[in-house]
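S.K.: Supplied in structure tokens, the structure appears directly below.
Residue numbers (my numbering): 1 to 151.
What follows is the structure, encoded as structure tokens:
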């Protein structure tokens with residue numbers, strides 16, 4: 001007599017996959033358009049992109065030692081990025097202080113910007129990447145505190 005495997009494991013996996021796909025579809029339906037995001041949320045997104053840039057550049061140059069960093073390792077690129085970060089911070093964090101009256105988000109964000117600026121003066125030995133990433137995380141925390149204080 002031949003034993004036939006039960007279709008339950010395959011069916012369970014299919015239902016599990018559809019359940020996860022349904023969660024993705026629900027999240028997409030409930031998402032807001034980019035124009036309805038606050039300045040703090042956009043700034044946190046840019047902070048995330050900065051972290052991705054720092055990590056990807058470090059991994060890229062560590063894995064391919066013969067490639068020189070002409071564009072991504074250029075100081076001007078990072079100085080312009082810092083100027084953009086300072087601009088977002090001035091607009092969102094100061095408007096947050098004027099809106100809700102709490103100075104803590106502004107102080108935390110400013111401290112993170114100072115860490116990012118200080119990281120530009122560090123030698124390119126890996127410590128500048130760590131200092132920049134910590135500064136970016138602190139700036140993102142300041143924007144998150146600001147966003148929470150507004151609600």
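Note that CB positions come from ideal geometry on N, CA and C, so glycine has one too. These numbers were taken from a predicted model, which means no experiment stands behind them.
(1) Leaving out five residues before and five after residue 91 in sequence, what residues of the same chain have Cβ atoms less than 7 Å from its Cβ?
(2) Suppose contacts are defined by Cβ-Cβ distances below 7 Å. Is residue 115 in contact with residue 96 by that definition?
(3) I need the DSSP call for residue 40, collapsed to helix, strand or coil.
(4) Using a Cβ-Cβ cutoff of less than 7 Å, which residues in the same chain neighbour residue 99 once the five nearest sequence positions on both sides are dropped?
(5) Going by DSSP, what residue range makes up the alpha helix (DSSP H) through residue 127?
(6) Would a C-beta distance cut-off of 7 Å place residue 142 and residue 109 closer than the cut-off?
(7) Hey, could you find the ends of the alpha helix (DSSP H) residue 110 is sitting in?
(8) Taking residue 139 and residue 89 to be in contact with their CB atoms under 8 Å, please state how far apart those CB atoms are, rounded to whole angstroms.
(9) When the Cα atoms are used, what is the spatial distance from residue 123 to residue 52?
(10) In three-state DSSP terms, what is residue 101?
(11) Do you know offhand how far residue 41's Cα is from residue 93's?
M.R.: With the given structure in hand:
(1) Working through the chain shown from its first residue, we reach residue 91 at position 91. Cβ neighbours of residue 91 beyond the five flanking positions: 39.
(2) Residue mapping note: residue 115 aligns to position 115 of the chain shown, counting from 1. Residue mapping note: residue 96 aligns to position 96 of the chain shown, counting from 1. Not in contact: residue 115 and residue 96 (Cβ atoms no closer than 7 Å).
(3) Here the question's residue 40 lines up with position 40 in the chain shown. Correct three-state label for residue 40: helix.
(4) Within the chain shown, the letter at position 99 stands for residue 99. Cβ within range, chain order: 150.
(5) Taking the first residue of the chain shown as position 1, residue 127 is located at position 127. Note, residue 127: alpha helix (DSSP H), 127–150.
(6) Numbered from its first residue, the chain shown carries residue 142 at position 142. Numbered from its first residue, the chain shown carries residue 109 at position 109. Cβ atoms of residue 142 and residue 109: closer than 7 Å.
(7) As a working mapping, residue 110 is identified with position 110 in the chain shown. Under the DSSP assignment, residue 110 falls in the alpha helix (DSSP H) whose first and last residues are 104–120.
(8) Looking up residue 139 in the chain shown gives position 139. Looking up residue 89 in the chain shown gives position 89. Right, the Cβ-Cβ distance comes to about 7 Å (below 8 Å), so this counts as a contact.
(9) Numbered from 1 along the chain shown, position 123 holds the residue referred to as residue 123. Numbered from 1 along the chain shown, position 52 holds the residue referred to as residue 52. One C-alpha to the other measures close to 20 Å.
(10) Here residue 101 refers to the residue found at position 101 of the chain shown. Coil, per DSSP.
(11) Numbered from its first residue, the chain shown carries residue 41 at position 41. Numbered from its first residue, the chain shown carries residue 93 at position 93. Near 12 Å, if we compare the C-alpha coordinates of residue 93 and residue 41.
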